[in-house]
Amino acid sequence: MDPSAIPARKTEGAADIAIVGCGPAALVVAIALARRGIRTTVFERDPHPEQAPRFNPDRSYTIDISGHGLRALRHIDACSYFDDRMIRFKGLKIPGGGTEEWTLPGWTGSRGDILRALIALATERYQLARFQCRDGSYSARSATLGSTALALRAGM
8 MDPSAIPARK TEGAADIAIV GCGPAALVVA IALARRGIRT TVFERDPHPE QAPRFNPDRS
68 YTIDISGHGL RALRHIDACS YFDDRMIRFK GLKIPGGGTE EWTLPGWTGS RGDILRALIA
128 LATERYQLAR FQCRDGSYSA RSATLGSTAL ALRAGM
């Protein structure tokens, strides 16, 4: 079955989900859960990707998205956001020693580019709330987690 054909549907009686760390995989999971109507809060200590510098010397590498990453993005219907915000993948494949232009969908960019594309999708499709406590903590019931949070609320 084509993963992009999986419909978004509401899951009744689901618990709220907390995800610690706002990396690309965490955002994909949060968006996939929100598509199902599951309230999700992502906790992250770093600045919002739009406020962070475009270049981070601690993470100065590019990431190619194809294969499994492409399937994950199709599952959350995010490909158009990556088309608009990242460089289309033009890598070469070398079958039997020759070279051919890569014709499958895919993108290349930085971790920040990926985060900005996913945040754009989440901002457009879901109700987002970002908050930071003055003391650098967030308290929910008896747990204290992280310093900032991004909450995705579907259908609210």
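Counting from 8, one number per residue, gives the positions in the sequence shown under my numbering. All C-beta atoms in this analysis are idealised placements derived from N, C-alpha and C, irrespective of residue type, glycine included.
A direct Cα-to-Cα measurement between PRO31 and ARG52 gives close to 15 Å. Looking at the DSSP output, ARG95 bridges to TRP114. The region 40 to 47 makes no contact with the region 87 to 94; the number of CB pairs closer than 8 Å stays below 3.
Between PRO112 and LEU77 a beta carbon distance of about 6 Å is seen, short of the 8 Å cut, so the two are scored as contacting. For PRO102, there are no CB contacts under 8 Å within the same chain when 5 residues up- and downstream are skipped.
Rounded to the nearest angstrom, the gap between the Cα atoms of ARG132 and PRO64 is 32 Å. Taking the C-beta atoms as reference points, PHE96 is found no nearer than 7 Å to ASP120.
Within the DSSP bridge table, the entry for ILE70 names GLY116 as partners. Excluding sequence positions up to five before and after THR69, its CB lies within less than 7 Å of the CB of THR115, GLY116, SER117, all in the same chain and listed in chain order. One Cα belongs to THR130, the other to VAL27, and the distance between them is close to 19 Å.
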